[in-house]
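Chains as they are written, first to last, in the working numbering: chain D, 218 to 418; chain V, 3 to 90.
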């Protein structure tokens, strides 16, 4: 049984990660702060049910995920499953050649970190329908295991895996589309070094 | 040893570290002799790292940590060590 008096000391170091998670969920700073605050309050009030020595970060994310789902789910648009099923697997990888052509870059694969600005990666994640966004956020950004995500979302592990797979391929397609749009609108010429255009990010 | 199709089917589980040790080793063995699959796995490992890094970078609104502390204190939590917003 955890001592409530130690809650702030133990939980506050996770505030930054929780805030980023809340931003990806709610997609705006005001709601993210509300969600984070409510998460901390619930955590504090229920801290006696936390087992010392288990994963506090996972416990807090579970509280936040549940709060988010209960509070915001009704507002979410419904996902169109068929749209995502039409996207091929490893979408970005299979289309790297197109990006190479647009960016006149010989080794796009080595420059992934430069190829996609923070805002585009965040947007690609945030635009996913909620049922895909949460598994991708919890697995790819927060690094939780399938078992933990299944518990947080109260769905079977097989469902976590299929939603992750679909969410990732849709996200890859979005990243590809952003990069193509950016590349095409800045009309790169063969003699423009990539560095010179990096300010676009 | 798994073939290319079987290997690519395990791409997610492998990169998410969700395979058994034996399953993980079998995939590694295939990757060791297959540059095509290795290229795909490398790419997705890097993409996963890029997504994780870029989606974690959010500046907290100024004063957020103090407001959180105050909120917890008003619930009766004894004041913890002061948190300096500037260090975040």
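Note that the Cβ used here is the ideal one computed from N, Cα and C, for glycine as well. Given the structure is predicted, the values throughout are model-derived calculations rather than measurements.
Assigned exposure category for residue 16 of chain V - 16 Cβ within 10 Å defines buried:
In the second chain, residue 16 of chain V corresponds to position 14, counting from 1. Per the 10 Å Cβ criterion, buried.
Euclidean distance between Cα positions of residue 31 of chain V and residue 274 of chain D:
Along the second chain, one-based indexing puts residue 31 of chain V at 29. Along the first chain, one-based indexing puts residue 274 of chain D at 57. Answer to the nearest angstrom: the Cα atoms are 34 Å apart.
According to DSSP, simplified to helix, strand and coil, what is residue 388 of chain D?
Translated into the one-based positions of the first chain, residue 388 of chain D becomes position 171. Helix at residue 388 of chain D.
Run through DSSP, which three-state label would residue 264 of chain D get?
The count along the first chain starts at 1 and reaches residue 264 of chain D at position 47. It is helical.
Between which residues of its own chain and residue 306 of chain D is the CB-CB distance below 8 Å, once the five residues before and five after are set aside?
Taking the first chain and counting its residues from 1, the one referred to as residue 306 of chain D is at position 89. If we look at residue 306 of chain D and ignore the five residues flanking it on each side, its Cβ neighbours are 382, 386.
For a quick check, are the C-beta atoms of residue 10 of chain V and residue 261 of chain D less than 8 Å apart?
Against the second chain, residue 10 of chain V aligns to sequence position 8. Against the first chain, residue 261 of chain D aligns to sequence position 44. No, these two residues do not count as a Cβ contact at 8 Å.
According to DSSP, simplified to helix, strand and coil, what is residue 220 of chain D?
In the first chain, counting from the first residue as 1, residue 220 of chain D sits at position 3. Here residue 220 of chain D sits in coil by DSSP.
Give the residues from the region 45-60 of chain V that approach chain D closer than 9 Å (Cβ to any Cβ), ordered along the chain.
45, 46, 48, 49, 50, 51, 52, 53, 54, 55, 56, 57, 58, 59, 60
Looking at the C-beta of residue 240 of chain D, does it have a partner C-beta in chain V at a distance below 8 Å?
As a first step, residue 240 of chain D is located in the first chain; it is residue number 23 there, counting from the start. Output row for residue 240 of chain D: interface = yes.
For a contact meaning CB atoms closer than 8 Å, what does residue 73 of chain V contact in chain D?
Position 71 of the second chain, counted from the first residue, corresponds to residue 73 of chain V. Ordered by position in chain D, the residues that pass the 8 Å Cβ test against residue 73 of chain V are 254, 257, 258.
Hey, could you find the ends of the alpha helix (DSSP H) residue 353 of chain D is sitting in?
Against the first chain, residue 353 of chain D aligns to sequence position 136. Start and end: 347-353.
Name the chain B residues whose beta carbon is nearer than 8 Å to that of residue 236 of chain D?
The structure shown has no chain B; the protein chains it does contain are D and V.
Contact list for the region 327-340 of chain D against chain V, Cβ threshold 7 Å:
329, 330, 333, 335, 338, 339
Is there a Cβ of chain V sitting closer than 8 Å to that of residue 273 of chain D, yes or no?
Indexing the first chain from 1 puts residue 273 of chain D at position 56. So, not an interface residue.
Does the Cβ-Cβ distance between residue 370 of chain D and residue 354 of chain D come in under 8 Å?
As a first step, residue 370 of chain D must be located in the first chain, where it is residue number 153. As a first step, residue 354 of chain D must be located in the first chain, where it is residue number 137. Against a cut-off of 8 Å, the Cβ pair of residue 354 of chain D and residue 370 of chain D comes out as no contact.
Chain D beta carbons: is any one of them nearer than 8 Å to that of residue 24 of chain V?
By one-based count along the second chain, residue 24 of chain V stands at place 22. Output row for residue 24 of chain V: interface = no.
Candidates D:226, D:286, D:282: closest to residue 264 of chain D by CA position
The residue you call residue 264 of chain D lines up with position 47 of the first chain. Comparing Cα positions, the closest option is D:226.
Residue nearest to residue 395 of chain D in terms of C-alpha spacing, selected from D:309, D:257, D:236
Position 178 of the first chain, counting from 1, holds the residue named residue 395 of chain D. When only C-alpha atoms are compared, the closest one is D:309.
Taking the alpha-carbon positions, what's the residue 21 of chain V to residue 48 of chain V distance?
Here residue 21 of chain V refers to the residue found at position 19 of the second chain. Here residue 48 of chain V refers to the residue found at position 46 of the second chain. Computed Cα separation, rounded: 19 Å.
How long is the line joining the alpha carbons of residue 52 of chain V and residue 329 of chain D, rounded to whole angstroms?
Sequence index remark: in the second chain, residue 52 of chain V carries index 50 (1-based). Sequence index remark: in the first chain, residue 329 of chain D carries index 112 (1-based). Roughly 7 Å between the two C-alpha positions.
Touch check for the region 234-254 of chain D and the region 50-66 of chain V: three-plus C-beta pairs under 8 Å?
yes
Taking C-beta to C-beta, are residue 311 of chain D and residue 348 of chain D nearer than 8 Å?
The residue you call residue 311 of chain D lines up with position 94 of the first chain. The residue you call residue 348 of chain D lines up with position 131 of the first chain. No; because the gap between Cβ atoms is not below 8 Å, this pair is not in contact.
For my contact list, residue 43 of chain V and residue 70 of chain V are in at a C-beta cut-off of 8 Å; report their separation, rounded to the angstrom.
In the second chain, the residue the question calls residue 43 of chain V occupies position 41. In the second chain, the residue the question calls residue 70 of chain V occupies position 68. Actually they are not in contact, since the Cβ atoms of residue 43 of chain V and residue 70 of chain V sit about 40 Å apart, beyond 8 Å.
Same chain, Cβ closer than 8 Å to residue 302 of chain D, five either side skipped, listed in chain order
In the first chain, the residue the question calls residue 302 of chain D occupies position 85. 383.
Kindly list, in the order they appear in chain D, the residues whose Cβ is closer than 9 Å to that of residue 21 of chain V.
The residue labelled residue 21 of chain V in the question sits at position 19 within the second chain. The contacting residues do not exist; residue 21 of chain V stays about 11 Å from chain D at best.
Chain V contact for residue 250 of chain D (CB, 8 Å cutoff):
Along the first chain, read from residue 1 onward, the residue named residue 250 of chain D stands at position 33. Chain V, which has a Cβ nearer than 8 Å to the Cβ of residue 250 of chain D, makes this yes.
Roughly how many angstroms separate the alpha carbons of residue 50 of chain V and residue 281 of chain D, rounded to a whole number?
Sequence index remark: in the second chain, residue 50 of chain V carries index 48 (1-based). Sequence index remark: in the first chain, residue 281 of chain D carries index 64 (1-based). The alpha-carbon atoms of residue 50 of chain V and residue 281 of chain D are separated by roughly 23 Å.
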